[in-house]
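The block underneath contains the structure these notes are about, expressed in structure tokens.
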Amino acid sequence: MEELPTFRFTNAELCQRGDKLAVVFKRDEAAFLNYGYPVETTEQIIALTEALKAFSSDDYYEGVQQMATTKKNTYREELVYELTDLKNRFRLTYGNGSPELKVLKLNNINKFNDNELVQKALHAYQVCETRLPALAKRNVTQESLDILMSSRSKLDDAIDEQATAVTLRREKTLERNKMGNELYKLLSELCEVGKLIWKGKNEAYYTDYVIYGSSKGIVEQTESIEAIEEN
Numbered sequence: 004m005e006e007l008p009t010f011r012f013t014n015a016e017l018c019q020r021g022d023k024l025a026v027v028f029k030r031d032e033a034a035f036l037n038y039g040y041p042v043e044t045t046e047q048i049i050a051l052t053e054a055l056k057a058f059s060s061d062d063y064y065e066g067v068q069q070m071a072t073t074k075k076n077t078y079r080e081e082l083v084y085e086l087t088d089l090k091n092r093f094r095l096t097y098g099n100g101s102p103e104l105k106v107l108k109l110n111n112i113n114k115f116n117d118n119e120l121v122q123k124a125l126h127a128y129q130v131c132e133t134r135l136p137a138l139a140k141r142n143v144t145q146e147s148l149d150i151l152m153s154s155r156s157k158l159d160d161a162i163d164e165q166a167t168a169v170t171l172r173r174e175k176t177l178e179r180n181k182m183g184n185e186l187y188k189l190l191s192e193l194c195e196v197g198k199l200i201w202k203g204k205n206e207a208y209y210t211d212y213v214i215y216g217s218s219k220g221i222v223e224q225t226e227s228i229e230a231i232e233e234n
């Protein structure tokens, strides 16, 4: 099952909250001891926060995916061009409507999806290889067919690379969300306890835990407070 963020703000803000709460918890660690939270909790906050900071953003993996897609599209265009050229030479050799041209099965090349294009290239190679003597007058040679197969292999590999990049991005998103949710859960839990500790005792300390424990972004909270004050 896909794991989605349980908070409504960016990972950057979550890390900022982690930094802030590590300081706040350190300040109040004696009070937290009474609720069963050891002083090592500060290090736990810092460790989770730093791990999330170090984790590459989705922008990075999106870039990897886009580069793989661009590479795949480039190889696709090259193979389409080569198959179109081969089809034209084949047609000039055997004529429009010939049985041989029908066997080639290269109509509407641009409509083939990537995997179909790879399959059609192999089929075209096999059809033309057995007809090289006749195709030689149109300069279709074993060398040109080998070039076609090389282009086919490049596209085939690029398709796999793109699929790997898409999967990697999805996996890293899930991993990042899991890390973020783990940190947010800890911060929220500590903030709930912090509010219990300071409610009615120290408004400034209490407010620290209200702000850093909210599911709303700090900017959103600030705007809400300003709206209340204006009214």
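Under our numbering, the residue at position 27 of the sequence shown is numbered 30, and the numbers go up by one with no gaps.
Cβ coordinates follow ideal geometry from the N, Cα and C atoms, glycine included.
Bear in mind that the values here come from a model prediction, so they are computed numbers and not experimental data.
Just confirm the distance between the C-beta atoms of residue i and residue j, as a whole number of angstroms; I'd bet it's less than 8 angstroms.
i    : j    : result
I200 : A34  : 5 angstroms
I162 : D117 : 5 angstroms
L17  : G183 : 6 angstroms
E132 : L148 : 6 angstroms
Cα separation between residue i and residue j?
i    : j    : result
D160 : D22  : 44 angstroms
A139 : L107 : 17 angstroms
G203 : V213 : 13 angstroms
N14  : K74  : 30 angstroms
K105 : T72  : 32 angstroms
R20  : V169 : 31 angstroms
F28  : L55  : 19 angstroms
L36  : S59  : 35 angstroms
E119 : T144 : 24 angstroms
A50  : E146 : 59 angstroms
N205 : P8   : 32 angstroms
A57  : R94  : 58 angstroms
E53  : P41  : 20 angstroms
Use the C-beta contact count for residue i: other C-beta atoms within 10 angstroms, 16 or more gives buried, fewer gives exposed.
i    : result
L135 : exposed
G216 : buried
D31  : buried
Y78  : buried
T45  : buried
E85  : buried
I228 : Note on I228: pLDDT 40, under 50, position unreliable in the model; no value is reported.
Excluding the 5 residues flanking residue i on each side, which residues of the same chain have their C-beta closer than 8 angstroms to its C-beta?
i    : result
R172 : D61, Y64, E65, V67, Q68
Cutting at 6 angstroms between CB atoms, please list the residues of its own chain near residue i, excluding the five before and the five after it.
i    : result
A166 : none
E6   : L177, N180, K181
Below 7 angstroms CB to CB, which residues in the same chain sit around residue i once its five sequence neighbours on both sides are set aside?
i    : result
S191 : G216
The stretch 96–108 / the stretch 179–190 touching (three or more Cβ pairs under 8 angstroms): Flag = no, the stretch 96–108 and the stretch 179–190 do not touch.
Cβ contact check for the stretch 111–127 and the stretch 144–155: 3 or more pairs under 8 angstroms: yes
Contact between the stretch 191–208 and the stretch 173–182 (3+ Cβ pairs under 8 angstroms): no
Three or more C-beta pairs below 8 angstroms linking the stretch 107–121 and the stretch 87–96: yes
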